[in-house]
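For the sequence shown, the positions run 13 to 628 when the working numbering is used. Everything on this sheet refers to the single structure shown next.
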Amino acid sequence: MKYYGYAGGVLKVDLTTQTVNKEPLDMELARDYLGGMGMNGRLAYDFIKPGIDPLSPDNVLLYSAGPFVGTVIPGAVRTNIMAKSPLTGFIGMSGGGISIGPMLKYAGYDQLVITGRAEKPVYLVITDDKVEIKDAGELWGKDIFQATDEIRDRLGEYWVSCIGPAGEHGAGLASIIDNKNSMHSRTGLGAVAGSKNLKAIAVQGTRGIEVYRRKEFRDMVKELRATVEQSPAIDLWRNEGKIIDFYMGGFKRPAGFSQKEYASRIWKTYYGCIGCPVGDKGVLQVKDGKYDGVTVKVSNPWATPAAFQLAGCTNYDQGVKCVEMGNRLGLDCFTLGHLIPFAQTLYEQGIITREDTGGLELKRDVDTILEIMKHIAYREGVGELLSQGQKALIEKKGEDAYKYGDHIKGLEPMYDMRTGSIVENFGHLTNPRGGHHARSYSITYMPRKSESIRKFCMGIGVPEETLDLVAPRGDWPGNFNLPRLTKWSEDYNSAYYSLGGCDRTPITPAFNLDVLSRLLEITTGMEVSPVEIRTSGERIWTLHRMFNMREGATRKDDMPPYKWMYETLALGEKQLQPIREETIQALLDEYYEERGWDVATGNPTEQKLIELGLNA
Ligand code: SF4
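Here's what the structure looks like:
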């Protein structure tokens, strides 16, 4: 069979038996689950048995890139990695833009399925049809940059997905980093690779991707690129940290983390994912002082270094140093930005003692942060206590520890609902992977007119009969229904991401369900209507929820951290009020109702499962 858009193959590697199998892509599966997080979700549900230890050979590590990935469609870059998360105990996943996904597709594979555990450290080398499991004895123990460089010295120009010491030692916040700068950092997938004794995957593919109707494809890509290139958001996202002030909504930032400091102290240049005209990722370099010359390539260049503020970094130089260390060790910097201050607070409150920390004083300064990071990666001293994240730490320490924490399903959120009741924030609660904003992109991150919201809703497939409920006419912020719009955004985004799309502001306005449907047809030859794509998104989302239910998740796991509901948040000079527990419960009720799920339990109903073909 000839494949278009899709590469047409699934590569299965069993590390226990050291066997490799190649299977043709099941096009019915592709139609129902599209690719990426959709297809990975289906396999995760089918092959990861409920209740397994995420760090046992029974876990399955999945890579998948959707049908648009590897083509020149702007923003079609996202590769999904998935497994049962050691951090949350639920479905774990992370997407990346400069990931090995396109190269996997050029080698002939839409999906890579890794099972079992090698007896000793190995790395996988995929060169088109040739698949080798090689000894990684000399790579084990090396940081991600060193190991990636060494693999390239041995093999040449391969794309490399790699773990660091944190993954090797089974830290629950271990990341996988592709090509030294695409961070699959959330939900501890690096520890899953480490538990399989898998240091890295190196890929080189030479086949390219064929599209179904070349001329139409070229024309449509040209149109899409023109739309993206005209986006006023490009400048905001790309250059010198203007986004900082935009997102902070006028809140005063500490002097060391101001836009001025960012632009003058550390911003070097921008770069982008393959084929994308936006290029809003950043190369950051400290220009002088203690960390002179420290350089990192970062996807969220203004936000990632700033994540270390609460832990005690006082300026961007220090933040860059922490990010560099985090990337080398293979640690999730966003989780660290919450976990370390949480541990410091528990220490200040006497809940964690010097006995727990192995004598280390948990001070709020950069040297202590760097020390803690090393301990976490190697699971030594205080690192053993912190290495499995906030949820595990709260369980261990009991007392009032939960009051100081801020995780959702074990994953620390990017944003806080007290800063705004918007879809991007509420979506942290309902996201099956835990507290993360991606999957609930909408347009509510800034005030909009009613017509804009209604147009957006129609684009993502909100049915006409529901439109007045989801986007009632009126003034901001009464012109959208938070939980109901969250549901529709999640469904649309699930489909869009599964196809490979990027969710950044300069890209997303170029797409909607009609565009995706047309693009899918001319890229792959599959005729899938806008409504069918929307239904696939809902199916994908619901299946991820079912994975969690099987692991014991309940409605309670959708609740926010205690402090969101009971404490005021001081941000600059503003005091932001808590969102009361009754308000959250009411929002969740409405969300489940919009989903057609059982309101009391938050579980999909049998009728909904039948409707989505998930009842088998
Ligand atoms: S917008 Fe940024 S993150 Fe998205 S594809 Fe383009 S360069 Fe990559």
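Yeah, the Cβ is synthetic: ideal placement off N, Cα and C, and Gly gets one too. Nothing here was measured: the structure is a model prediction, and the numbers come from that model.
Taking all protein chains in view, the Cβ of Glu585 is surrounded by fewer than 16 other Cβ atoms within 10 Å, so the residue is classified as exposed. Within the chosen limit of 7 Å, ligand 1 reaches the beta carbon of Gly109 through at least one heavy atom. For Glu228, there is no enclosing beta strand (DSSP E); the residue is part of the alpha helix (DSSP H) that begins and ends at Arg226 to Glu241. Residue environment: Phe438 is assigned as buried (16 or more neighbouring CB atoms within 10 Å of its CB, all protein chains considered). Apart from sequence neighbours up to five positions away, the residues of its chain that approach Ser106 with a beta-carbon distance below 7 Å are Ile93, His196, Ser197, Arg198, Thr199 and Leu201, ordered along the chain. Secondary structure of Leu210 (DSSP, three-state): strand. If the five residues before and after Gly128 are omitted, its C-beta is found closer than 6 Å to the C-beta atoms of Asp26, Leu27, Thr28 and Pro69, all from its own chain and listed in chain order. Pro616 and Arg557 do touch by the CB rule: their CB atoms are close to 6 Å apart, below 8 Å. With fewer than 16 other CB atoms across the displayed protein chains lying within 10 angstroms of its CB, Thr580 is exposed.
Residue nearest to Tyr603 within the set Thr520, Tyr504 and Thr442 is Thr442 (criterion: CA-CA distance). Contact between the region 425 to 434 and the region 213 to 227 is not established, with fewer than three Cβ pairs separated by less than 8 Å. Rounded to the nearest whole angstrom, the CA to CA distance from Thr517 to Tyr274 is 21 Å. By the Cβ test, the region 106 to 118 is in contact with the region 81 to 91, since at least three Cβ pairs between them sit closer than 8 Å. Using a Cβ distance threshold of 8 Å, Gly53 and Asp122 do not count as a contacting pair.
Using a Cβ distance threshold of 8 Å, Ser207 and Leu67 count as a contacting pair. A Cβ-Cβ separation of about 14 Å leaves Ser501 out of contact with Ile552 under the 8 Å criterion.
Just so you know, the alpha carbons of Leu555 and Asp58 end up roughly 10 Å apart.
For Arg277, the CB contacts under 8 Å within the same chain, skipping 5 residues up- and downstream, are Val298, Lys299, Asn327, Tyr328 and Asp329 in chain order. In this structure, Val298 has its beta carbon at no less than 7 Å from each heavy atom of ligand 1. Ranked by Cα distance from Lys227, the options Ala267, Thr535 and Lys192 are led by Thr535. Remark: C-beta atoms of Met577 and Glu563 do not approach each other more closely than 8 Å. For Ser76, the secondary structure class from DSSP, reduced to helix, strand or coil, is strand.
Straight across, the Cα-Cα distance linking Tyr508 with Pro266 is about 36 Å. For Cys285, same chain residues with a beta-carbon under 6 Å away, outside a window of 5 residues either side, are Val89, Gly109 and Ile110 in chain order.
Within a 10 Å sphere around the beta-carbon of Ala483 sit 16 or more other beta-carbons, which makes this residue buried. Using a 10 angstroms sphere on the CB of Gly490, the tally of other CB atoms stays under 16, which defines it as exposed. Collapsing the DSSP output to three states places Thr617 in coil. The criterion of a C-beta distance shorter than 8 Å is not satisfied by Pro98 and Asn209.
Classified as exposed, Lys461 has fewer than 16 neighbouring CB atoms from the shown chains inside 10 Å of its CB. Comparing alpha carbon positions, the residue from Ala450, Ile465 and Met458 closest to Asn505 is Ala450.
Check the Cα spacing between Arg166 and each of Asp147, Gly179, Gln30 and Glu252: the tightest is with Asp147. Secondary structure at Ala275: helix, using DSSP grouped into helix, strand and coil. Fully enclosed alpha helix (DSSP H) runs of no fewer than 4 residues occupy 542 to 562 of the region 536 to 564, in order along the chain. Taking the Cβ of Arg516 as the reference point, at least one heavy atom of ligand 1 falls within a distance shorter than 7 Å.
For the 8 Å CB-CB criterion, Ile145 and Gln30 form a contact. Taking Arg466 as reference, the option from Asn312, Tyr282 and Phe492 with the minimal CA-CA separation is Phe492.
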